[in-house]
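Each number in this note's numbering comes from the position in the sequence shown (counting from 1) with 47 added on.
Backbone N, C-alpha and C define an ideal beta-carbon position, used for all residues, glycine too.
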Amino acid sequence: MERKIIDRMEKTGQITQEELSALLLCNDDKNMEYLAKRAREMTWRYYGNKIYIRGLIEFTNFCRNDCYYCGIRRSNGNAERYRLSEEDILSAAGLGYRLGFRTFVLQGGEDPWFTDEKICALVSALKSNYPDCAVTLSIGEKKRDSYQAYFDAGADRYLLRHETADEVHYGKLHPPVLSLSDRRQCLYDLKDIGYQTGCGFMVGSPGQTIKTLFKDLMLIKELSPHMVGIGPFIPHRDTPFSQEAPGTIERTLRLLSIIRLIHPRVLLPATTALGTIHPDGRRQGILAGANVVMPNLSPWHVREKYALYNGKVSSGGEAAEGLQALSEELKHIGYQIAVEIGHSKV
Ligand code: 5AD
Numbered sequence: 048m049e050r051k052i053i054d055r056m057e058k059t060g061q062i063t064q065e066e067l068s069a070l071l072l073c074n075d076d077k078n079m080e081y082l083a084k085r086a087r088e089m090t091w092r093y094y095g096n097k098i099y100i101r102g103l104i105e106f107t108n109f110c111r112n113d114c115y116y117c118g119i120r121r122s123n124g125n126a127e128r129y130r131l132s133e134e135d136i137l138s139a140a141g142l143g144y145r146l147g148f149r150t151f152v153l154q155g156g157e158d159p160w161f162t163d164e165k166i167c168a169l170v171s172a173l174k175s176n177y178p179d180c181a182v183t184l185s186i187g188e189k190k191r192d193s194y195q196a197y198f199d200a201g202a203d204r205y206l207l208r209h210e211t212a213d214e215v216h217y218g219k220l221h222p223p224v225l226s227l228s229d230r231r232q233c234l235y236d237l238k239d240i241g242y243q244t245g246c247g248f249m250v251g252s253p254g255q256t257i258k259t260l261f262k263d264l265m266l267i268k269e270l271s272p273h274m275v276g277i278g279p280f281i282p283h284r285d286t287p288f289s290q291e292a293p294g295t296i297e298r299t300l301r302l303l304s305i306i307r308l309i310h311p312r313v314l315l316p317a318t319t320a321l322g323t324i325h326p327d328g329r330r331q332g333i334l335a336g337a338n339v340v341m342p343n344l345s346p347w348h349v350r351e352k353y354a355l356y357n358g359k360v361s362s363g364g365e366a367a368e369g370l371q372a373l374s375e376e377l378k379h380i381g382y383q384i385a386v387e388i389g390h391s392k393v
């Protein structure tokens, strides 16, 4: 039964809510291994055995938003706030370049201190120092003109998870000033401007159901993003969701495989959250069809402060400095780290 669904999904790129339900509730390990195998073979078809690396620079943890799940939400008075200087950011990128990174991801909270002018200056500085690199921004919801300005300054890609494609669920995760329709608008603006665009969601966020997950998959089909970031929800002690259960590795892996099969050419990271809930999470993510890892390039003294959730790993294979170890680990399972810029094939 499940195998039939998997084969059909691979052939047509389609899935129904009933089929999603069957795959997520299935207890048969053999069939789930089959799902992962079909997905990783699909990854190989388009990307071979290459794993793309992105150097993540978490440059500010100030945020004007108050998302209920997030450790750097505005009302968390226990968060130690920081901003990296332009000099720090450029030197993190310099370190990354020497280590072999050709994509830098500037990620931060929605911090009004970083005006459009400052962001544009950062992007141009990165692009002029490293013309053979891609710059990805992940700084939240902005006006279309702002997105356009960053793009004109040289930004290539933008990550903005949609978090959930269900209005009611969106309202359970966010304060009323934030809305799914604004979020969707941002994503369509980004794509329209010409960014390689990434959406995504947490697996197991409070209130998530198979129905809301199905909507997430339909949004992916409709938006056709170049990248999709998913990882398990992990509660943070200083948030309203501190007592909620985390998402599971199993469900995250299944969803990675399903996304690979319904949207085959997407760039799919094995995220830090996946590596945080299970020591082997990132490797298993790759074996389930992921093909990107995003090690942390931020200066050591701020890594702990960018705590979206508790226990977030930023050392070992999650650290840019651990690239050699990561490369060995990947070699064991037949993969190699790609040194090129690694654009999406969507
Ligand atoms: N657990 C897992 N992921 C989280 N994020 C924010 N808070 C958490 C959490 N508690 C994710 C969101 C956001 C991305 C940067 O990090 O999906 O878009």
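Segment limits, alpha helix (DSSP H) that includes methionine 79: If you number the sequence shown from 1, residue 79 lands on position 32. Judged by DSSP secondary structure, methionine 79 falls within the alpha helix (DSSP H) whose first and last residues are 76 to 94.
Opposing strand residues paired with lysine 189 [DSSP bridges]: Along the sequence shown, one-based indexing puts residue 189 at 142. Residue pairing for lysine 189: DSSP places it in no beta bridge.
Just checking, does the stretch 148 to 164 make contact with the stretch 373 to 389 on the three C-beta pairs under 8 Å criterion? At 8 Å Cβ cutoff, the stretches touch.
Between the CA atoms of arginine 101 and arginine 312 - distance to the nearest angstrom: For the purposes of this step, residue 312 is identified with residue 265 of the sequence shown, where counting begins at 1. For the purposes of this step, residue 101 is identified with residue 54 of the sequence shown, where counting begins at 1. Straight-line Cα distance between these residues: approximately 18 Å.
So is valine 340 buried or exposed if we call it buried at 16+ other beta carbons inside 10 Å? As a position in the sequence shown, residue 340 is number 293, starting the count at 1. Counting every other CB atom within 10 Å of its CB across the protein chains shown gives valine 340 a total of 16 or more, marking it as buried.
Please report how far the alpha carbon of isoleucine 324 lies from the alpha carbon of tyrosine 116, in whole angstroms. In the sequence shown, counting from the first residue as 1, residue 324 sits at position 277. In the sequence shown, counting from the first residue as 1, residue 116 sits at position 69. Their backbone Cα atoms lie some 16 Å apart in a straight line.
At a threshold of 7 Å, does phenylalanine 151 count as lining the ligand 5AD (C-beta to nearest heavy atom)? Along the sequence shown, one-based indexing puts residue 151 at 104. No, the Cβ of phenylalanine 151 stays beyond 7 Å of every heavy atom of the ligand 5AD.
Check: isoleucine 296 C-beta below 7 Å from any heavy atom of the ligand 5AD: Translated into positions along the sequence shown, residue 296 becomes position 249. Isoleucine 296 has its Cβ no nearer than 7 Å to any heavy atom of the ligand 5AD.
Can you pull the DSSP bridge partners for lysine 97? Translated into the one-based positions of the sequence shown, residue 97 becomes position 50. Its beta-bridge partners are Gln383.
Anyone know if the C-beta pair for tyrosine 353 and serine 345 falls short of 8 Å? Taking the first residue of the sequence shown as 1, we reach residue 353 at position 306. Taking the first residue of the sequence shown as 1, we reach residue 345 at position 298. For tyrosine 353 and serine 345, yes; Cβs fall inside 8 Å.
Where cysteine 233 sits in the DSSP three-state scheme: Reading the sequence shown from its first residue, position 186 is the one you call residue 233. When secondary structure is reduced to three states using DSSP, cysteine 233 falls in the helix class.
With 16 as the cutoff for other CB atoms within 10 Å, does leucine 302 come out buried or exposed? Numbered from its first residue, the sequence shown carries residue 302 at position 255. So leucine 302 ends up on the buried side.
Could you check the C-alpha separation between isoleucine 62 and arginine 230 for me, to the nearest Å? In the sequence shown, counting from the first residue as 1, residue 62 sits at position 15. In the sequence shown, counting from the first residue as 1, residue 230 sits at position 183. Whole-angstrom Cα-Cα distance: 24 Å.
So what's glutamate 351 in DSSP terms, helix, strand or just coil? Taking the sequence shown and counting its residues from 1, the one referred to as residue 351 is at position 304. In the structure shown, glutamate 351 sits in coil (DSSP, three-state: anything other than H, G, I, E or B).
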